[in-house]
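In terms of full-length UniProt numbering, the sequence shown opens at residue 1 and continues consecutively.
Every residue gets a Cβ at the ideal spot worked out from N, C-alpha and C, and that includes glycine.
Since this is a predicted model, take the numbers as computed values, not measurements.
Heads up: the structure comes next, in C-alpha coordinates.
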Amino acid sequence: MEKVNPYLYVMRLISGKWKITILHHIHTYGFIRFNQMRKTLPISEKVLGQQLKELEKDRLIKRILYDEMPVRVEYVLTDIGKELIPALDILYIWSIKRMDERKITIDPDAFVVHQAEIYTKELSEIYKRHNAFSSGKDIEK
(Lines of atoms letter the chains of each structure in order from A and count residues from 1; the text may use other names and numbers.)
(Lines give C-alpha, C1' and ligand atoms only; values in the text may rest on other atoms or scores of the structure.)
Protein backbone atom coordinates (compact mmCIF):
# COMPACT_ATOMS: atom_id res chain seq x y z
CA MET A 1 0.00 0.00 0.00
CA GLU A 2 1.31 3.42 -0.96
CA LYS A 3 2.21 5.81 1.86
CA VAL A 4 0.59 9.26 1.53
CA ASN A 5 1.65 12.40 3.35
CA PRO A 6 -1.43 13.87 5.14
CA TYR A 7 -0.57 17.44 4.04
CA LEU A 8 -0.35 16.34 0.43
CA TYR A 9 -3.62 14.44 0.80
CA VAL A 10 -5.57 17.44 2.05
CA MET A 11 -3.96 19.69 -0.55
CA ARG A 12 -5.11 17.30 -3.26
CA LEU A 13 -8.66 17.49 -1.92
CA ILE A 14 -8.86 21.28 -1.76
CA SER A 15 -6.42 22.31 -4.48
CA GLY A 16 -8.00 23.91 -7.49
CA LYS A 17 -8.65 27.58 -7.92
CA TRP A 18 -12.31 27.44 -6.82
CA LYS A 19 -12.72 24.44 -4.50
CA ILE A 20 -12.35 26.32 -1.20
CA THR A 21 -14.66 29.08 -2.42
CA ILE A 22 -17.24 26.52 -3.53
CA LEU A 23 -17.06 24.76 -0.15
CA HIS A 24 -17.45 28.08 1.67
CA HIS A 25 -20.45 29.09 -0.46
CA ILE A 26 -22.17 25.79 0.23
CA HIS A 27 -21.43 26.17 3.95
CA THR A 28 -22.71 29.77 4.01
CA TYR A 29 -25.90 29.23 2.00
CA GLY A 30 -26.65 25.59 2.86
CA PHE A 31 -26.52 24.52 -0.78
CA ILE A 32 -25.60 25.81 -4.20
CA ARG A 33 -26.93 25.34 -7.69
CA PHE A 34 -24.68 25.15 -10.73
CA ASN A 35 -26.09 28.22 -12.53
CA GLN A 36 -26.13 30.21 -9.30
CA MET A 37 -22.39 29.60 -8.88
CA ARG A 38 -21.73 30.52 -12.52
CA LYS A 39 -23.42 33.88 -11.90
CA THR A 40 -21.57 34.46 -8.62
CA LEU A 41 -18.02 33.54 -9.65
CA PRO A 42 -15.96 34.35 -12.74
CA ILE A 43 -15.61 30.66 -13.54
CA SER A 44 -16.18 28.75 -16.76
CA GLU A 45 -18.85 26.10 -17.00
CA LYS A 46 -16.19 23.45 -17.71
CA VAL A 47 -14.03 24.34 -14.68
CA LEU A 48 -17.01 24.60 -12.30
CA GLY A 49 -18.30 21.22 -13.47
CA GLN A 50 -14.86 19.67 -13.04
CA GLN A 51 -14.36 21.13 -9.55
CA LEU A 52 -17.83 19.99 -8.42
CA LYS A 53 -17.21 16.46 -9.76
CA GLU A 54 -13.88 16.26 -7.93
CA LEU A 55 -15.41 17.52 -4.66
CA GLU A 56 -18.19 14.96 -5.04
CA LYS A 57 -15.74 12.15 -5.86
CA ASP A 58 -13.76 13.04 -2.73
CA ARG A 59 -17.02 12.95 -0.73
CA LEU A 60 -16.79 16.57 0.41
CA ILE A 61 -20.07 17.48 -1.29
CA LYS A 62 -23.16 15.59 -2.36
CA ARG A 63 -25.11 16.18 -5.57
CA ILE A 64 -28.88 16.06 -5.08
CA LEU A 65 -31.02 15.61 -8.19
CA TYR A 66 -34.69 16.48 -7.68
CA ASP A 67 -37.26 14.60 -9.74
CA GLU A 68 -39.10 17.62 -11.09
CA MET A 69 -39.34 19.65 -14.27
CA PRO A 70 -37.36 21.63 -14.97
CA VAL A 71 -34.62 19.49 -13.46
CA ARG A 72 -33.18 20.93 -10.27
CA VAL A 73 -29.75 19.95 -8.92
CA GLU A 74 -28.29 21.17 -5.64
CA TYR A 75 -24.93 20.56 -4.03
CA VAL A 76 -24.63 20.26 -0.25
CA LEU A 77 -21.77 19.54 2.12
CA THR A 78 -21.39 16.00 3.36
CA ASP A 79 -20.51 15.39 7.01
CA ILE A 80 -16.88 15.03 5.90
CA GLY A 81 -17.10 18.36 4.08
CA LYS A 82 -18.59 20.00 7.18
CA GLU A 83 -15.64 18.73 9.24
CA LEU A 84 -13.29 20.62 6.92
CA ILE A 85 -14.97 24.04 7.36
CA PRO A 86 -13.27 24.99 10.69
CA ALA A 87 -9.87 24.35 9.09
CA LEU A 88 -10.81 26.53 6.12
CA ASP A 89 -11.96 29.25 8.54
CA ILE A 90 -8.56 29.19 10.23
CA LEU A 91 -6.81 29.46 6.86
CA TYR A 92 -9.04 32.39 5.83
CA ILE A 93 -8.38 34.29 9.08
CA TRP A 94 -4.64 33.61 8.85
CA SER A 95 -4.60 34.75 5.23
CA ILE A 96 -6.44 38.03 5.91
CA LYS A 97 -4.04 38.84 8.76
CA ARG A 98 -0.96 38.14 6.63
CA MET A 99 -2.34 40.11 3.67
CA ASP A 100 -3.11 43.06 5.94
CA GLU A 101 0.39 42.95 7.47
CA ARG A 102 1.99 42.88 4.04
CA LYS A 103 -0.32 45.61 2.70
CA ILE A 104 -1.71 43.30 0.01
CA THR A 105 -4.98 44.62 -1.38
CA ILE A 106 -7.83 42.42 -0.17
CA ASP A 107 -10.76 41.81 -2.51
CA PRO A 108 -13.74 43.61 -0.85
CA ASP A 109 -15.99 40.65 -1.74
CA ALA A 110 -13.96 38.56 0.70
CA PHE A 111 -15.43 40.62 3.53
CA VAL A 112 -18.99 40.56 2.20
CA VAL A 113 -19.34 36.79 2.38
CA HIS A 114 -17.44 36.44 5.66
CA GLN A 115 -19.69 38.24 8.15
CA ALA A 116 -20.11 35.41 10.65
CA GLU A 117 -18.89 36.11 14.17
CA ILE A 118 -15.87 33.81 13.80
CA TYR A 119 -14.48 36.23 11.20
CA THR A 120 -15.71 39.59 12.46
CA LYS A 121 -14.56 38.93 16.02
CA GLU A 122 -11.09 37.69 15.09
CA LEU A 123 -10.57 40.29 12.37
CA SER A 124 -12.52 43.24 13.81
CA GLU A 125 -9.71 45.81 13.47
CA ILE A 126 -9.03 44.84 9.87
CA TYR A 127 -12.75 44.82 9.07
CA LYS A 128 -13.11 48.30 10.59
CA ARG A 129 -10.23 49.67 8.50
CA HIS A 130 -11.85 48.24 5.39
CA ASN A 131 -15.37 49.38 6.35
CA ALA A 132 -16.37 45.77 6.03
CA PHE A 133 -19.22 45.36 8.51
CA SER A 134 -22.49 44.70 6.72
CA SER A 135 -25.58 46.79 7.44
CA GLY A 136 -23.88 49.04 9.96
CA LYS A 137 -23.00 46.10 12.18
CA ASP A 138 -20.13 46.84 14.55
CA ILE A 139 -18.20 44.58 16.85
CA GLU A 140 -17.54 45.32 20.47
CA LYS A 141 -14.07 44.60 21.81
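Taking the alpha-carbon of residue i as reference, which of the options has the nearest alpha-carbon?
i: residue 26; options: 101, 45, 103 and 114; result: 114
i: residue 95; options: 111, 57 and 53; result: 111
i: residue 53; options: 120, 97 and 34; result: 34
i: residue 97; options: 73, 15, 130 and 71; result: 130
i: residue 109; options: 132, 118 and 37; result: 132
i: residue 80; options: 14, 38, 117 and 124; result: 14
i: residue 116; options: 24, 10 and 104; result: 24
i: residue 16; options: 28, 31, 73 and 49; result: 49
i: residue 91; options: 11, 4, 71 and 2; result: 11
i: residue 30; options: 18, 2 and 82; result: 82
i: residue 37; options: 73, 118, 124 and 2; result: 73
DSSP puts residue i in a beta bridge; with which residues?
i: residue 72; result: 66
i: residue 77; result: 61
i: residue 32; result: 75
Tell me, to the nearest whole angstrom, how far the beta carbon of residue i is from that of residue j; I am working on the premise that it is less than 8 Å.
i: residue 75; j: residue 63; result: 6 Å
i: residue 51; j: residue 20; result: Contact flag wrong, Cβ pair sits at about 10 Å.
i: residue 122; j: residue 93; result: 5 Å
i: residue 100; j: residue 126; result: 5 Å
i: residue 61; j: residue 78; result: 6 Å
Tell me where the alpha helix (DSSP H) around residue i begins and ends.
i: residue 156; result: Since the displayed the chain opens at 1 and closes at 141, residue 156 lies outside it and no answer follows.
i: residue 112; result: 108 to 112
i: residue 12; result: 6 to 14
What do you reckon, is the C-beta of residue i under 8 Å from a heavy atom of the ligand SAM?
i: residue 21; result: You won't find the ligand SAM in this model; it holds no ligand whatsoever.
Quick check: the stretch 37 to 46 against the stretch 82 to 97, are at least 3 beta-carbon pairs closer than 8 Å? no
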